[in-house]
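In what follows, a structure is listed as structure tokens, so that the remarks can point back to it.
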Amino acid sequence: MTEVNLKGLGVAMITPFNDDGSIDYEALSRLIDYQLDNGTDYIVALGTTAETPTLSKDEKKEVSRFIVKKVDGRVPVVLGVGGNNTLALVEELKRSDFSGISAILSVTPYYNKPTQEGLYQHYKALSEASPLPLILYNVPGRTGVNMTSETTLRIANDCSKVIAIKEASGKLDQIEEIIKGSPKGFSVISGDDAVTTAVIDMGGIGVISVFGNAFPKEMSWLVDCALKGDSINARNKMEEDFNELFHLIFIEGNPAGVKSILSQKGIIKNRLRLPLVPVSDKTALMIKEALSKAKYL
Numbered sequence: 000m001t002e003v004n005l006k007g008l009g010v011a012m013i014t015p016f017n018d019d020g021s022i023d024y025e026a027l028s029r030l031i032d033y034q035l036d037n038g039t040d041y042i043v044a045l046g047t048t049a050e051t052p053t054l055s056k057d058e059k060k061e062v063s064r065f066i067v068k069k070v071d072g073r074v075p076v077v078l079g080v081g082g083n084n085t086l087a088l089v090e091e092l093k094r095s096d097f098s099g100i101s102a103i104l105s106v107t108p109y110y111n112k113p114t115q116e117g118l119y120q121h122y123k124a125l126s127e128a129s130p131l132p133l134i135l136y137n138v139p140g141r142t143g144v145n146m147t148s149e150t151t152l153r154i155a156n157d158c159s160k161v162i163a164i165k166e167a168s169g170k171l172d173q174i175e176e177i178i179k180g181s182p183k184g185f186s187v188i189s190g191d192d193a194v195t196t197a198v199i200d201m202g203g204i205g206v207i208s209v210f211g212n213a214f215p216k217e218m219s220w221l222v223d224c225a226l227k228g229d230s231i232n233a234r235n236k237m238e239e240d241f242n243e244l245f246h247l248i249f250i251e252g253n254p255a256g257v258k259s260i261l262s263q264k265g266i267i268k269n270r271l272r273l274p275l276v277p278v279s280d281k282t283a284l285m286i287k288e289a290l291s292k293a294k295y296l
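What follows is the structure, encoded as structure tokens:
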């Protein structure tokens, strides 16, 4: 199995839309250039931030192909392939063309709320079927189920293709247990921008970031600083410039907040697909004021 370097800043890409609701590939191209010109270490395509539930199968294939072609091997591309039907995911992993993709990111099954044994068996089946390394994704705030540290470590030890977890549980004690118990070759990635430095201090290798869509240079600096052991400097910068924006981009959901920032920076149109909608005028104004205060506008 090819080794994948996931250390540093990964960015969970948004999907830009035109006014008519179609995918804005010109804006997506600009956004990829913006990432690669400003220190992003790898791209995550078709994750939650991409509004993937509202994309058709054909659109997902085209977005994946477009990103791979645009990146052109300059950094790894991680592809989101998740769902709550294990058998369907197994078939998708077996039959899909993953040319140009370095690893698969797969979220815990949502809505049907499996037990810990069900989560283990789900990922075991995916690991046996996947032609690529797998990254687990634990985000109970969206899925309705938390994958415990015991289950994560059981999967990490038993499934050779599972190389990392994106941990967005918000449970720092759980994240620390995973890091301390991880077998060789298994890494922990923060799935929450606001606790990036804390996770790195515990032994994590970086973050898969939403905020990095809008601020790749700043997030790359912050992650690099923390990885070099200077988390105090990184945290001071975060508290000075980022804390208010970290809060504001999530108060009306993801990716509405970060799309508001990107549109105010002139990179994309402020368009989302239902059932998601742009942030309210009140929140947009608060974001604008925070950007101005931090001298990012």
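Quick note: the sequence shown, position 65, residue 64 per numbering that gives the first Met the number 0, numbers continuous. Ideal placement from N, C-alpha and C gives every residue a C-beta, glycine not left out. Bear in mind the structure is a predicted one, so any value in this text is a computation, not a measurement.
- Spatial neighbours of Ala167 in its own chain (CB-CB distance under 6 Å, excluding positions within 5 residues in sequence) are listed in chain order as Val138, Gly190, Asp191.
- Of the candidates Leu271, Phe245, Thr195, the residue whose Cα lies closest to the Cα of Asp18 is Leu271.
- Note on the segment 129–207: whole alpha helix (DSSP H) runs with a minimum of 4 residues are 139–142, 148–157, 171–180, 195–201, in chain order.
- Sequence-distant Cβ neighbours of Lys264 in its own chain, meaning closer than 7 Å and more than five residues away, are Ala213.
- Beta-bridge pairing by DSSP links Leu104 to Gly79, Ile134.
- Per the coordinates, the alpha-carbon of Ser148 lies some 24 Å from the alpha-carbon of Leu88.
- The residues Leu244, Leu247, Ile248, Gly256, Ser259, Ile260, Gln263, Val278, in chain order, have a CB closer than 8 Å to that of Ile286 in the same chain once the five nearest residues on each side in sequence are set aside.
- Counting only residues of its own chain and dropping the five nearest sequence neighbours on each side, Asp240 has a CB closer than 6 Å to the CB of Ala293.
- Selection Val276, Gln115, Gly169, Glu217 evaluated against Tyr295 yields Glu217 as nearest (Cα-Cα).
- Listed in chain order, the beta strand (DSSP E) runs fully inside the segment 13–99 are 41–44, 76–79, counting runs of at least 3 residues.
- When the five nearest sequence neighbours on each side are left out, the beta carbons in the same chain lying within less than 6 Å of the beta carbon of Asn156 are those of Pro182, in order along the chain.
- The Cβ atoms of Gly252 and Leu221 lie no closer than 8 Å to each other.
- Between Leu5 and Ser126 the beta-carbon gap is near 17 Å, outside 8 Å, which marks them as no contact.
- Taken atom to atom, the span from the alpha-carbon of Lys93 to that of Gly205 is near 29 Å.
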